[in-house]
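Novice: So for the sequence shown, this note's numbering puts the first residue at -10; every next one is plus one.
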Amino acid sequence: MVDDSTALPPPPIEDRFTHIHVDLNSFFASVEQQLHEEYRNKPLAVVPTFADTTCAIAASYEAKYLGIKTGTRVAEMKKICPDIILVEGDHAVYSKYSERISEAVHDVCPVAHNPSIDEMVCQLIGREQEPPRARQIALAIKQAIKDRVGATLRCSIGMGPNRYLAKIASDMQKPDGLIGLLPSQLPRAIAHLELRDLPGVGARTEQMLHRKGITTMSQLLELDLKGMHGLWNSVWGDRIYHWLRGYVTGDDGAPVPQDMQKSLGHSHVLAPEHRSTEGAWSVAHKLLHKAAMRLRMEKMCTGALALTVRYSLTREQAAMLPKTKKHTSGITHTGWGMEARFPTCQDTLSLLEALQQLWKQAPKGALYQKPFFVGVTLNRLIYESEQQPTLFADADRRSELSSTMDKLNLKYGHSTLHFAGMLPARDTAPTRIAFTQIPVLYGVDWM
Ligand SMILES: [Mg+2]
-10 MVDDSTALPP PPIEDRFTHI HVDLNSFFAS VEQQLHEEYR NKPLAVVPTF ADTTCAIAAS
50 YEAKYLGIKT GTRVAEMKKI CPDIILVEGD HAVYSKYSER ISEAVHDVCP VAHNPSIDEM
110 VCQLIGREQE PPRARQIALA IKQAIKDRVG ATLRCSIGMG PNRYLAKIAS DMQKPDGLIG
170 LLPSQLPRAI AHLELRDLPG VGARTEQMLH RKGITTMSQL LELDLKGMHG LWNSVWGDRI
230 YHWLRGYVTG DDGAPVPQDM QKSLGHSHVL APEHRSTEGA WSVAHKLLHK AAMRLRMEKM
290 CTGALALTVR YSLTREQAAM LPKTKKHTSG ITHTGWGMEA RFPTCQDTLS LLEALQQLWK
350 QAPKGALYQK PFFVGVTLNR LIYESEQQPT LFADADRRSE LSSTMDKLNL KYGHSTLHFA
410 GMLPARDTAP TRIAFTQIPV LYGVDWM
């Protein structure tokens, strides 16, 4: 039989985990149980105010066993469990705990994203992706949270060959779960889930799927690529098709060849005082510095750098744009991103040069004045050992400078050393001079 399909077969995928998704269980309620020993092992609900008409914004596991969950009204809760402990929520306290947990996780494996107050995503690279090692990292993360923050703070961890599957896996076992989804087990390992268990499938999308005759996950998984594209009538169908099978996709929804998939990056929601162009630049600068240091620690080189910036919008501004999004923090925003490609390198100075070029392309104007989120990702990673020798000598001794900085940073703590030269200054200085500046000593890490 002749295969008349013109599409290339998707690249083979190895059984590896690229992402770890950490989801705290009953986060707000667990923090309250950590702070108040007398609340432990008891049904408890966190409420915004003490009134019979409000509902729970979080419930402890003991309350969940009784059928009380987020959204259950206070009057209803009292009916189910007359002695339920009600606690007024304190967002500032939960934010502090979230930060402490992030730090504990970060010490085991760098946190690449904080999608919400109770979630952290780590990106695995190199040999960390081997399933036994990934599992060790996941267990070490659980232990670090218990030891450094508190024993009541349990989490469910998902491991997957892409970020989407890692998030799905983190939801599959609660509390204190640890689930890995490997490409060779897909898609059958997720066939028993509900459509609503898929990230991005909310009530509206579910209705749309129902209208089109898809009511179960197995029906969705039986569709071919064309069917999935038709269902969403967009590239989202292609993406979800591939993600559910363990692939990583590009913007067009098609799988990215595996040798180009490797990436590592960091993103950060800016503190209110840094929500300006200058603040966002210094955060981008710092994220790049961290990513470059990790790249060298893993003995890798990169051939592409991607920058993402999200800008918060006022209600009037949002009304002017055809398409806006809502961040998990509730901020309405518009975003921008761009990737630069270059010969593979691993030194911070070459990468800063690329970041600076990208930064100049960022949109300007009234809608782009309030950046609140910055992400920096190094793509097209290869191992040092695979790198072609460069034709030109390392004239600026960039690699040597980078490795000296790494040593000092490791010895004296993160971000002890930083390159001087913010964008305006560097623009006016000849490149060579800017790049041979002496690193400047900063004080405490402010991020
Ligand atoms: Mg959670």
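Where a beta carbon is used, it is the ideal one built from N, C-alpha and C, also for glycine.
Would you identify the three-state DSSP class for A295, choosing helix, strand or coil?
Specialist: Note: A295 maps to strand in three-state DSSP.
Novice: Restricting to Cα atoms, I'd like to know which of A18, I130, A133 is closest to V76.
Specialist: Out of A18, I130, A133, A18 has the C-alpha closest to the C-alpha of V76.
Novice: Could you give the distance in angstroms between the alpha-carbon of D12 and the alpha-carbon of T333?
Specialist: Rounded to the nearest angstrom, the two C-alpha atoms are 35 Å apart.
Novice: Curious, which full-length alpha helix (DSSP H) runs of at least 4 residues does the region 131 to 205 contain?
Specialist: If we require 4 residues or more, the alpha helix (DSSP H) runs fully inside the region 131 to 205 come out as 152 to 159, 192 to 200.
Novice: Under the assumption that C98 contacts I9 (Cβ atoms under 8 Å), give the Cβ distance between them as a whole number of angstroms.
Specialist: The pair is a contact, with the Cβ atoms about 7 Å apart (cut-off 8 Å).
Novice: Find out if the Cβ-Cβ distance for the pair G326, L296 is shorter than 8 Å.
Specialist: Contact: yes.
Novice: Using the rule of at least 16 other Cβ atoms within 10 Å of the residue's Cβ for burial, across every protein chain shown, is T420 buried or exposed?
Specialist: A caution first: T420 carries a pLDDT of 30, below 50, which makes its placement in the model unreliable, though a value can still be read off. Flag for T420 reads exposed.
Novice: In chain order, what residues of the same chain have a beta carbon less than 8 Å from the beta carbon of F381, not counting five sequence neighbours either side?
Specialist: Because F381 sits at a pLDDT of 46, beneath the cut-off of 50, its placement in the model cannot be relied upon, and the point is left open.
Novice: Determine the DSSP secondary structure at P32, reduced to helix, strand or coil.
Specialist: In the structure shown, P32 sits in coil (DSSP, three-state: anything other than H, G, I, E or B).
Novice: Just to confirm my understanding: we take R89, look at its own chain, exclude 5 residues before and 5 after, and list those with CB closer than 6 Å. What are they?
Specialist: Correct list, in chain order: V138.
Novice: For G166 and A64, what's the separation of their Cα atoms in angstroms?
Specialist: So the alpha carbons of these two residues sit roughly 31 Å apart.
Novice: Considering just the uninterrupted stretch of the alpha helix (DSSP H) at L338, what are its terminal residues?
Specialist: Per DSSP, L338 belongs to the alpha helix (DSSP H) from 337 to 350.
Novice: Please give me, in chain order, every unbroken run of the alpha helix (DSSP H) with length at least 4 that falls completely inside the region 208 to 246.
Specialist: Listed in chain order, they are 214 to 221, 224 to 232.
Novice: Whose C-beta lies closer than 7 Å to the C-beta of Y230 among residues of the same chain, with five residues either side of it excluded?
Specialist: Only L214, M217 meet the Cβ criterion.
Novice: Report yes if the C-beta of F17 is less than 7 Å from at least one heavy atom of ligand 1; otherwise report no.
Specialist: The answer is no for F17.
Novice: Apart from the five residues on each side of it in sequence, which residues of its chain come closer than 7 Å, Cβ to Cβ, to A343?
Specialist: So the list reads L294, A329, F331, once near-sequence residues are dropped.
Novice: Quick check: A269 and P352, are their CB atoms within less than 8 Å of each other?
Specialist: Against a cut-off of 8 Å, the Cβ pair of P352 and A269 comes out as no contact.
Novice: Of all the options A127, V272, V35, which has the alpha carbon lying nearest to the alpha carbon of V82?
Specialist: Minimum Cα distance to V82 is reached at V35.
Novice: Does the beta-carbon distance from R29 to C44 come in below 8 Å?
Specialist: No, these two residues do not count as a Cβ contact at 8 Å.
Novice: What residues in its chain sit with their C-beta under 6 Å from that of S301, if we drop five residues either side in the sequence?
Specialist: These residues qualify, in order along the chain: I320, H322, K359, F361.
Novice: State yes or no: is the C-beta of L113 within less than 8 Å of the C-beta of F6?
Specialist: Yes, the Cβ-Cβ distance between L113 and F6 is below 8 Å.
Novice: Is the closest heavy atom of ligand 1 to the C-beta of N14 under 7 Å?
Specialist: Yes.
Novice: How about D107: is its Cβ closer than 7 Å to a heavy atom in ligand 1?
Specialist: It does: the Cβ of D107 is within 7 Å (strictly closer) of some heavy atom of ligand 1.
Novice: I'd like to check one pair, T366 with G292: are the Cβ atoms closer than 8 Å?
Specialist: Cβ distance not < 8 Å, so G292 and T366 don't count as in contact.
Novice: Is it buried or exposed, E51, if we count other Cβ atoms within 10 angstroms and call 16 or more buried?
Specialist: Buried.
Novice: Residues bridged to E328 by DSSP?
Specialist: E328 pairs with A295.
Novice: What are the boundary residues of the beta strand (DSSP E) that includes H25?
Specialist: That residue, H25, is in no beta strand (DSSP E); it is neither H nor E in DSSP.
Novice: Are there three or more Cβ pairs, one per stretch, closer than 8 Å when the region 151 to 158 is compared with the region 120 to 127?
Specialist: Verdict: no, contact absent.
Novice: With distances taken Cα to Cα, identify the nearest neighbour of A180 among P71, T194, A158, R200.
Specialist: With distances taken between Cα atoms, A180 lies closest to A158.
Novice: Using a threshold of 8 Å, state whether the C-beta atoms of S145 and Q162 are closer than that.
Specialist: Yes, Cβ-Cβ distance for S145 and Q162 is below 8 Å.
Novice: Should P32 be labelled buried (16 or more other beta-carbon atoms within 10 Å of its own) or exposed?
Specialist: It counts as buried.
Novice: Can you grab the Cα-Cα spacing for the pair P71 / Y86, in whole Å?
Specialist: Their backbone Cα atoms lie some 29 Å apart in a straight line.
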